[in-house]
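Peer 1:
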Amino acid sequence: MVVPPSTGGATATVTAPRLSPSDPATVPVAPSSKTKPGQQPVSAPGTLNGPPSGNNHAIPLSARRAEPLDLSTVERRGQPNMPVYKEQKERLFGIPNAPSFHPTEEEFRDPMEYMRKITPEGSKYGIIKIVPPDSWQPTFAINTERFHFRTRRQELNSVEGGNRVNNDYLDQLARFHKQNGHNLNRFPSVDKRPLDLYRLKKTVERKGGFDTVCKGKRWAEVGRDLGYSGKIMSSLSTSLKNSYQKWLLPYEEYLRVAKPGVHHQLEMMNGGPTQPYTPSPGPSPAKKAQGQTPTSMNGTPTMQASAALNATINGQGSPPSLSREVSTQSHPATSNTGGFTPVNAGGGFTAVNAPTPAASFTSVNGPNGSHSNGATPQRTLDTPPSNNGQQAIAPHPNGVAALKRQHSDQLLSPDELDAIGRRSKRLRKDVPTVAGSNMHHSSHSRMAGGKAVVERERGDHNPGEVCESCLRPEKNKMIECGTCDSVYHMYCLEPPLKERPPFEWHCPRCLVGTGEYGFEEGDVHSLAGFQRKANEFKKYHFETLGKLHSPFTETKRHLDEADIEKEFWRLVDELSDATEVEYGADIHCTTHGSGFPTIEKQPRDAYSTDPWNLNILPLDKESLFRHVKSDVSGMTIPWLYVGMIFSTFCWHNEDHFAYSANYQHFGETKTWYGVPGEDAYKFEAAMKGEMPELFETQPDLMFQLVTLARPEKLRKAGVRVYAIDQHAGEFVVTFPRAYHAGFNQGFNFNEAVNFAPIDWEPFGKEGVERLRNYRKQPCFSHDEMLLTAGGRDNSIKTSKWLAPAMEQMRDEELVARKQFLEGADAESGVAPAEPYLGPRYKATPEKIDPEKEEEECICHYCKCYCYLSRFRCNKTGKHLCLLHAGSFECCDSLEFERYSGQNGDHTLLYRMTDDALVSTVKKVVDKATIPEAWAAKVDSELDDNPRPSLKHLRTLLTEGEKIQHDLPQLADLRRFVERCNEWVEEATNYITRKQQSRRKSEKGWRKGMAKQAELEERDKELRKVDNIRKLLNSADEIGFECPEITTLRERAESIADFQRDADAALNNIRSNT
1 MVVPPSTGGA TATVTAPRLS PSDPATVPVA PSSKTKPGQQ PVSAPGTLNG
51 PPSGNNHAIP LSARRAEPLD LSTVERRGQP NMPVYKEQKE RLFGIPNAPS
101 FHPTEEEFRD PMEYMRKITP EGSKYGIIKI VPPDSWQPTF AINTERFHFR
151 TRRQELNSVE GGNRVNNDYL DQLARFHKQN GHNLNRFPSV DKRPLDLYRL
201 KKTVERKGGF DTVCKGKRWA EVGRDLGYSG KIMSSLSTSL KNSYQKWLLP
251 YEEYLRVAKP GVHHQLEMMN GGPTQPYTPS PGPSPAKKAQ GQTPTSMNGT
301 PTMQASAALN ATINGQGSPP SLSREVSTQS HPATSNTGGF TPVNAGGGFT
351 AVNAPTPAAS FTSVNGPNGS HSNGATPQRT LDTPPSNNGQ QAIAPHPNGV
401 AALKRQHSDQ LLSPDELDAI GRRSKRLRKD VPTVAGSNMH HSSHSRMAGG
451 KAVVERERGD HNPGEVCESC LRPEKNKMIE CGTCDSVYHM YCLEPPLKER
501 PPFEWHCPRC LVGTGEYGFE EGDVHSLAGF QRKANEFKKY HFETLGKLHS
551 PFTETKRHLD EADIEKEFWR LVDELSDATE VEYGADIHCT THGSGFPTIE
601 KQPRDAYSTD PWNLNILPLD KESLFRHVKS DVSGMTIPWL YVGMIFSTFC
651 WHNEDHFAYS ANYQHFGETK TWYGVPGEDA YKFEAAMKGE MPELFETQPD
701 LMFQLVTLAR PEKLRKAGVR VYAIDQHAGE FVVTFPRAYH AGFNQGFNFN
751 EAVNFAPIDW EPFGKEGVER LRNYRKQPCF SHDEMLLTAG GRDNSIKTSK
801 WLAPAMEQMR DEELVARKQF LEGADAESGV APAEPYLGPR YKATPEKIDP
851 EKEEEECICH YCKCYCYLSR FRCNKTGKHL CLLHAGSFEC CDSLEFERYS
901 GQNGDHTLLY RMTDDALVST VKKVVDKATI PEAWAAKVDS ELDDNPRPSL
951 KHLRTLLTEG EKIQHDLPQL ADLRRFVERC NEWVEEATNY ITRKQQSRRK
1001 SEKGWRKGMA KQAELEERDK ELRKVDNIRK LLNSADEIGF ECPEITTLRE
1051 RAESIADFQR DADAALNNIR SNT
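Residue numbers (the UniProt record's numbering): 1 to 1073.
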């Protein structure tokens, strides 16, 4: 193992001795996570040695008891021990603070309404903090005496991407030279200083590569960049050049030849080439090699790599043919690492911790969060393999270790494993296994661009049991990789080996590297035990820091948030400091209980039904997750997080691009960093630019939650980064697509869940497409959620957001069906490069029976849910979505047999026919357009008729009042109709003849004579002809039409005719007299 020089500063605090900077010849012992019997572990600052709390595997968790946690010893909102925190005005790296919101009690009553209010502002930052009203103080519902959880072990300087690339490169470099008979167990010395080979490699890359530096005579510049200050003598330049030629150039040439084949093998291990969500900053090395490596002339990449190896073993340097080929190739695009000054901390990352043997106790955390380090554990070069009788990684059923947050079979019962594994945010990674070790090239197209080919399956064989090339178990002439457990027949290799090499042999995948990384599984703790350990670690760490890094002075003896933040990033960036912490993450509430009261356990507690209770929030009446039929642990059911100082959660965004809410029940500060959703693609590009080596082999790196990058480097790349400090009793909310990361400043207890207001749906659709492109299984079917929402809720409010989503779903489904049955239209842009032109499926598609269908039916290739339609292989039982039906080699049938469904070996199934799907969507669309249809009728009535009919307006008003949706025109229409009604009521007085009742008694009649006379006098005044004319003019001004207007106008004309006749008669009498 190559050990780097110290970068200065405080001495590392690790569990094994480190290389002294003053003695470059010292060969250190690599740190080991396992201690031999009788060997005492070395305790030092930055470690967590000692027996775990109650870690007796013979005792089931359900029967474990520990001392209860004294809640008076932790920070809780509203309690006397809660300190008053002030917002940091000037943060480390100059990061601006994200906003904090302080809702009133009235605003806090409805979470979705409040989120709708603050989202336009909050989404600009990606993360925000919500401080509840002082009166909101839910009880802590966890039984701290019975609560136990398993942690993850985090080595801080390994989570930084640049450091990890550094470590991996030097480990692979050492393997390469050891295979060639040269031991590289220490750095070469130049100018009486150890030469950091990784920094030398990156510096030469930044200056254009070895040939460019040589031609430009720029080795003096390289020396100055490496810190060799002062006058650079020609001898120093020569030493740097010779060191590069001897140690780096042979390996770099080997990488240029072998890396494309290894990358192809890794792609096939994951089912084929992925379709990255965002393009890499440079061209794919595998693609470049396909066009630039003429295999017909120079052989396969592995043959060329072997020739390079043999040449270096024989001391001949690079073979001429290889050198000429390499010199004619353009060097792979490399990105400047910016300010990541990666120097190997020595030792590299040790493989995932071996799971403990199966025991009789029940679940701890559900999924233990262990991140596997690839198909097989890596060993240090100088120590023999030893697994102490334990399997280093839980194997995949097909023999390949599963990556990312595996479920601990030792901690969960089979039923719990099945339930949580089927519906959990962090799903098992179902990885088909590659057949063979030969690194050949083949053209594989994207999803709609060609055939999806899967290699032969290895069955139930584990690595080391069969040849990785031919998959046969014959033990004759097998050779084992010195790093991983893979074995090969010597005659299966390209080129074949006639005899065993004299030195330790490594397979190309281990020499090139996969970049895989994961957190080791930690111990089982109680809350009180973990608090004690966390507090002791925090105190000891800062008390033993050297003066250079200690935050304490003669006048300052207390820690503040800025001190801890500064120390955290120093530990992350310090390659010579292997500080390790533990983090209890992704603890399932289904097995451990929630920190909030629940209806099942505390039905009388008012907070058990509070809308901000994280058990209630995902199922709010306006959260779309209430339409997800099954519970999804981590999304609709909260997860718990128990942190200690420096424990970290790495950069990631939420599954399905959902909103998330994180509440801190108690404890010390949790510091968050957030990137707005608008900058998500820019963030991914910046990460790929900073650590392209990791993304070359792991395009899905951002799904793994194992990588940090310093915020100031992201900001230099143009990515907006904001920070916030969360304290006890406060919420932190993340927005769709927003990346976030952070760390804990001490012992604390948090709970988190996802939720989905109606504005989330477009992001959710985008998130599903992203998962499909990376062949990651979604947590639930987006199409099923949409159809369920349409069937359950027929309100206009729901239909408004649902209609466009269902129309898009309908269009995509109908296009996929047509493409499978008839072939893709070349003008549509989705036609494959080599379209299938043979016979198509002609049988009538069968109907999916909901009573008999499997609980989860996913595409065997892209892992998406096949909800609306699916293509079933009756030979193997595999299901495919229509994008990959026929093209994917699901069995031994020929291509035309798959596409045509010949012999009944393949069946097409629909959940609903085309007409039924169109009809279902139309109902929702019609419902959603009711307000617009009503508004159109109002506009039509007003536009087409200068004097609209009052009857029609009254009808429209009645219809509008029945529509349960905001109608902007309704208020104006109501005022207009009311004014018209007032006119009609007044006009009725002039139109209707009043009926006089019969006198019942003379006495009563006489009493009312005075009042009746008064009323008649007023009626005479009202019945003046001038008043009628004024009323008609008023109707003209209002501008409407009704029968009363016609009647009144006729009455006015009759009166006018009568007056004319009367005047004529009187004038005639006067003239006659």
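The C-beta atom is built at its ideal place from N, Cα and C for all residues, glycine as well.
Once you ignore the five residues that flank Arg85 on each side, which residues in its own chain have a CB closer than 6 angstroms to its CB?
Peer 2: As a first step, residue 85 must be located in the sequence shown, where it is residue number 85. The sequence as given places Tyr at residue 85; Arg does not occur at that position. Result list for Tyr85: His727, in chain order.
Peer 1: Roughly how many whole angstroms lie between the Cα atoms of Arg146 and Gly529?
Peer 2: Stepping through the sequence shown from its first residue, residue 146 is reached at position 146. Stepping through the sequence shown from its first residue, residue 529 is reached at position 529. Those two C-alpha atoms are separated by around 12 angstroms.
Peer 1: How about Val924 and Met806: are their beta carbons less than 8 angstroms apart?
Peer 2: Reading the sequence shown from its first residue, position 924 is the one you call residue 924. Reading the sequence shown from its first residue, position 806 is the one you call residue 806. In contact: Val924 and Met806 (Cβ atoms closer than 8 angstroms).
Peer 1: Enumerate, from N- to C-terminal direction, the unbroken beta strand (DSSP E) stretches of 3 or more residues contained entirely within the stretch 689-744.
Peer 2: The stretch 689-744 contains these whole beta strand (DSSP E) runs: 722-726, 731-734, 739-744.
Peer 1: Using a Cβ-Cβ cutoff of less than 6 angstroms, which residues in the same chain neighbour His656 once the five nearest sequence positions on both sides are dropped?
Peer 2: Stepping through the sequence shown from its first residue, residue 656 is reached at position 656. Closer than 6 angstroms at the Cβ level, and outside the excluded window around His656, lie Gly764, Gly767.
Peer 1: Tell whether a beta-carbon distance below 8 angstroms holds between Asn163 and Leu575.
Peer 2: The residue given as residue 163 occupies position 163 in the sequence shown. The residue given as residue 575 occupies position 575 in the sequence shown. Yes; because the gap between Cβ atoms is below 8 angstroms, this pair is in contact.
Peer 1: Could you give the distance in angstroms between the alpha-carbon of Glu267 and the alpha-carbon of Tyr774?
Peer 2: As a working note, residue 267 is residue 267 in the sequence shown. As a working note, residue 774 is residue 774 in the sequence shown. Those two C-alpha atoms are separated by around 11 angstroms.
Peer 1: What does DSSP give as the partner residues of Arg193 in its beta bridges?
Peer 2: Within the sequence shown, numbered from 1, the residue matching residue 193 stands at position 193. Looking at the DSSP assignment, Arg193 forms a beta bridge with Val190.
Peer 1: Verify whether the separation of the beta carbon atoms of Tyr681 and Val721 is less than 8 angstroms.
Peer 2: If you number the sequence shown from 1, residue 681 lands on position 681. If you number the sequence shown from 1, residue 721 lands on position 721. In this structure, Val721 does not lie closer than 8 angstroms to Tyr681 by Cβ.
Peer 1: Could you give the C-beta distance for residue 1074 and Cys862, rounded to a whole number, given that I count them as a contact under 8 angstroms?
Peer 2: Absent from the structure is residue 1074, since the part of the chain shown begins at 1 and ends at 1073.
Peer 1: Looking at Leu156: is its Cβ nearer than 8 angstroms to the Cβ of Val581?
Peer 2: Here the question's residue 156 lines up with position 156 in the sequence shown. Here the question's residue 581 lines up with position 581 in the sequence shown. Yes, these two residues count as a Cβ contact at 8 angstroms.
Peer 1: Should Pro250 be labelled buried (16 or more other beta-carbon atoms within 10 Å of its own) or exposed?
Peer 2: For this step, residue 250 is matched to residue 250 along the sequence shown. Burial call: buried.
Peer 1: Using three-state DSSP, classify Val204 as helix, strand or coil.
Peer 2: In the sequence shown, counting from the first residue as 1, residue 204 sits at position 204. Helix.
Peer 1: Relative to the alpha-carbon of Lys818, which residue among Leu240, Lys215, Val204, Tyr841 has its alpha-carbon at the smallest distance?
Peer 2: Numbered from 1 along the sequence shown, position 818 holds the residue referred to as residue 818. It is Tyr841.
Peer 1: DSSP state of Val1025, grouped into three classes?
Peer 2: In the sequence shown, the residue the question calls residue 1025 occupies position 1025. If DSSP states are grouped into helix, strand and coil, Val1025 belongs with the helices.
Peer 1: For Phe888 and Phe743, which I take to be in contact (beta-carbon distance under 8 angstroms), what is that distance rounded to the nearest angstrom?
Peer 2: Indexing the sequence shown from 1 puts residue 888 at position 888. Indexing the sequence shown from 1 puts residue 743 at position 743. Rounded, the Cβ-Cβ distance is 43 angstroms, inconsistent with contact.
Peer 1: Thr514 to Arg870, Cα distance in whole Å?
Peer 2: Translated into the one-based positions of the sequence shown, residue 514 becomes position 514. Translated into the one-based positions of the sequence shown, residue 870 becomes position 870. For Thr514 and Arg870, the distance between alpha carbons rounds to 34 angstroms.
Peer 1: Look at Glu561 and Thr669 and say whether their C-beta atoms are less than 8 angstroms apart.
Peer 2: Taking the sequence shown and counting its residues from 1, the one referred to as residue 561 is at position 561. Taking the sequence shown and counting its residues from 1, the one referred to as residue 669 is at position 669. Taking 8 angstroms as the Cβ cut-off, Glu561 and Thr669 qualify as a contacting pair.
Peer 1: Which first and last residues belong to the alpha helix (DSSP H) in which Asp171 is found?
Peer 2: Taking the first residue of the sequence shown as 1, we reach residue 171 at position 171. 161-179 is the extent of the alpha helix (DSSP H) around Asp171.
Peer 1: With C-beta atoms as the reference, is Val732 less than 8 angstroms away from Pro618?
Peer 2: Position 732 of the sequence shown, counted from the first residue, corresponds to residue 732. Position 618 of the sequence shown, counted from the first residue, corresponds to residue 618. Not in contact: Val732 and Pro618 (Cβ atoms no closer than 8 angstroms).
Peer 1: Excluding five sequence neighbours on each side, which residues of the same chain lie with their C-beta closer than 7 angstroms to the C-beta of Pro835?
Peer 2: Locating residue 835 in the sequence shown gives position 835, where the first residue counts as 1. Closer than 7 angstroms at the Cβ level, and outside the excluded window around Pro835, lie Gly823, Ala824.
Peer 1: In chain order, what residues of the same chain lie with their CB nearer than 7 angstroms to the CB of residue 1092, ignoring the 5 residues before and after it?
Peer 2: Residue 1092 falls outside the range modelled here, since the chain spans only 1 to 1073, and no answer is possible.
Peer 1: Name the two residues that bound the continuous beta strand (DSSP E) containing Ser550.
Peer 2: For the purposes of this step, residue 550 is identified with residue 550 of the sequence shown, where counting begins at 1. Careful: Ser550 lies outside any beta strand (DSSP E) and carries neither H nor E.
Peer 1: With a 10 Å radius around its C-beta and 16 neighbouring C-beta atoms as the bar for buried, classify residue 1074 as buried or exposed.
Peer 2: Lying outside 1 to 1073, the shown extent of the chain, residue 1074 is not represented and no answer is given.
Peer 1: Comparing C-alpha positions only, which one of Gly838, His879, Pro845 sits nearest to Glu855?
Peer 2: Here the question's residue 855 lines up with position 855 in the sequence shown. Per the Cα distances, His879.
Peer 1: Can Asp801 and Glu761 be called in contact, C-beta distance under 8 angstroms?
Peer 2: If you number the sequence shown from 1, residue 801 lands on position 801. If you number the sequence shown from 1, residue 761 lands on position 761. The sequence given here has Trp at residue 801, not Asp. Result yes, Cβ atoms of Trp801 and Glu761 sit closer than 8 angstroms.
Peer 1: In or out: Gly634 buried (at least 16 other Cβ within 10 Å) or exposed?
Peer 2: Position 634 of the sequence shown, counted from the start, is the residue given in the question as residue 634. The residue is buried, with at least 16 neighbouring Cβ atoms inside 10 Å.
Peer 1: Smallest Cα separation from Glu846: which of Asn794, Asp914, Leu255?
Peer 2: As a first step, residue 846 must be located in the sequence shown, where it is residue number 846. Residue Asp914 is the option with its Cα nearest to Glu846.
Peer 1: So, with DSSP's three-state summary, where would you put Lys800?
Peer 2: Within the sequence shown, residue 800 is the residue found at index 800, counting from 1. In the structure shown, Lys800 sits in a helix (DSSP, three-state: H, G or I).
Peer 1: With a 10 Å radius around its C-beta and 16 neighbouring C-beta atoms as the bar for buried, classify Leu493 as buried or exposed.
Peer 2: The sequence position of residue 493 within the sequence shown is 493, counting from 1. Buried.
Peer 1: So is Gly729 buried or exposed if we call it buried at 16+ other beta carbons inside 10 Å?
Peer 2: Against the sequence shown, residue 729 aligns to sequence position 729. By the neighbour-count rule (16 or more Cβ atoms within 10 Å), Gly729 is buried.
Peer 1: Name, in chain order, the residues that DSSP records as bridge partners for Tyr663.
Peer 2: Numbered from its first residue, the sequence shown carries residue 663 at position 663. Phe731, Glu751, per the DSSP bridge assignment.
Peer 1: Rounded to a whole number of angstroms, what is the C-alpha to C-alpha distance between Glu895 and Phe695?
Peer 2: In the sequence shown, counting from the first residue as 1, residue 895 sits at position 895. In the sequence shown, counting from the first residue as 1, residue 695 sits at position 695. One C-alpha to the other measures close to 33 angstroms.
Peer 1: Take Tyr169 as the anchor and find which of Tyr198, Ser189, Leu184, Lys192 has the nearest alpha-carbon.
Peer 2: For the purposes of this step, residue 169 is taken as the residue at position 169 of the sequence shown. Closest by alpha carbon: Tyr198.
Peer 1: Apart from the five residues on each side of it in sequence, which residues of its chain come closer than 6 angstroms, Cβ to Cβ, to Glu965?
Peer 2: Sequence index remark: in the sequence shown, residue 965 carries index 965 (1-based). What sits at residue 965 in the sequence shown is His, not Glu. Answer for His965: Ile796, Pro931, listed in chain order.
Peer 1: Counting Cβ pairs closer than 8 angstroms, one from the stretch 134-144 and one from the stretch 111-120, do we hit at least three?
Peer 2: Contact between the stretch 134-144 and the stretch 111-120 is absent, because fewer than three Cβ pairs lie under 8 angstroms.
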